[in-house]
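What follows is a set of notes on a single structure, which appears directly below.
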Amino acid sequence: MAGDDVPAGPVDPIFNRLLKDRIIWMGEEVKDDMANRICAQLLMLAAEDPKKDIWLYINSPGGSITAGMAIYDTMQLIEPDVATVGLGMCASMGQFLLSSGTKGKRYLTSHARVLMHQPSGGIGGTATDVRINAELIMDMKKTMSELTAEQTGHTVEEIYRDNEYDHWFTAQEALDYGFVDKLVTTPDTIGNNQQGE
Numbered sequence: 157m158a159g160d161d162v163p164a165g166p167v168d169p170i171f172n173r174l175l176k177d178r179i180i181w182m183g184e185e186v187k188d189d190m191a192n193r194i195c196a197q198l199l200m201l202a203a204e205d206p207k208k209d210i211w212l213y214i215n216s217p218g219g220s221i222t223a224g225m226a227i228y229d230t231m232q233l234i235e236p237d238v239a240t241v242g243l244g245m246c247a248s249m250g251q252f253l254l255s256s257g258t259k260g261k262r263y264l265t266s267h268a269r270v271l272m273h274q275p276s277g278g279i280g281g282t283a284t285d286v287r288i289n290a291e292l293i294m295d296m297k298k299t300m301s302e303l304t305a306e307q308t309g310h311t312v313e314e315i316y317r318d319n320e321y322d323h324w325f326t327a328q329e330a331l332d333y334g335f336v337d338k339l340v341t342t343p344d345t346i347g348n349n350q351q352g353e
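157 is the number of the first residue of the sequence shown in the numbering used here; add one for each residue after it.
This is the structure in structure tokens:
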């Protein structure tokens, strides 16, 4: 059974119990160790039952682009649909992963907030290092803008315009923008109560 031998997150019986129900909890900054854990959980649950949905709950301030892209790529590689549920704050990479759920299965609680902005990073070192890092950040901005446009139905130009500065969305605004497909207000508004997918 899922979660019997692999900790779901911080070694905590609650996270392990959630994992047994195919629920992955992402409630922290996106970093390499957290991303490695979530990728492993996605792969494990996909191997256990490739036809049953996996639920990724997100309450995150964002974080590392490369760590987040590892989670995104794993979500795309596995066979089960990955339903995403945003609550609290889905900022930056948290927003991107929320929007990366299977279309039709992207949810947001009614009081959550979503932040979209362009990638950022500290740049220092030699002039050559600064140029290389600036090119890398611009490439990441292009890639993420193209993917976000595909996820939301907006043009890449609209995404560039809207992520130029910090852009906060209420839950309703996030729904209208296309980050999610449905707002969650009661248990029956989320999937099929997560049973029988």
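Note that the Cβ used here is the ideal one computed from N, Cα and C, for glycine as well.
Since we're looking at a predicted model, the values are computed, not measured.
A residue is called buried when at least 16 other Cβ atoms come within 10 angstroms of its Cβ; aspartate 209 meets this threshold and is buried. A direct Cα-to-Cα measurement between aspartate 344 and alanine 283 gives close to 56 Å. DSSP lists Cys246 as the bridge partner or partners of serine 216. At a cut-off of 3 residues, the continuous stretches assigned as beta strand (DSSP E) that sit fully inside the region 237-296 are 238-247, 262-265 and 269-272. Between the region 302-319 and the region 196-215 there are fewer than three C-beta pairs closer than 8 Å, too few to call the two in contact. The bridge partners DSSP lists for isoleucine 210 are Val238.
In the DSSP annotation of this structure, the continuous segment of the alpha helix (DSSP H) that includes lysine 176 starts and ends at 169-176.
Straight-line spacing of the CA atoms in tyrosine 321 and serine 248 works out to 11 Å.
In this model, leucine 198 and alanine 305 are separated by some 25 Å (Cα to Cα).
Cβ atoms of proline 236 and alanine 202 come within 8 Å of each other, at about 5 Å. Sixteen is the threshold: when 16 or more other Cβ atoms of the shown chains lie within 10 Å of the Cβ of threonine 240, as they do, the residue is buried. Across the set Leu271, Val286 and Asn289, the C-alpha of Leu271 shows the shortest separation from the C-alpha of leucine 331. Rounded to whole angstroms, alanine 226 and cysteine 246 show a C-alpha spacing of 17 Å. Here isoleucine 346 carries a coil assignment [DSSP, helix/strand/coil].
Boundaries cannot be given for valine 336, as no alpha helix (DSSP H) includes it and DSSP labels it neither H nor E. Methionine 190 and isoleucine 179 have their C-alpha atoms spaced approximately 15 Å apart.
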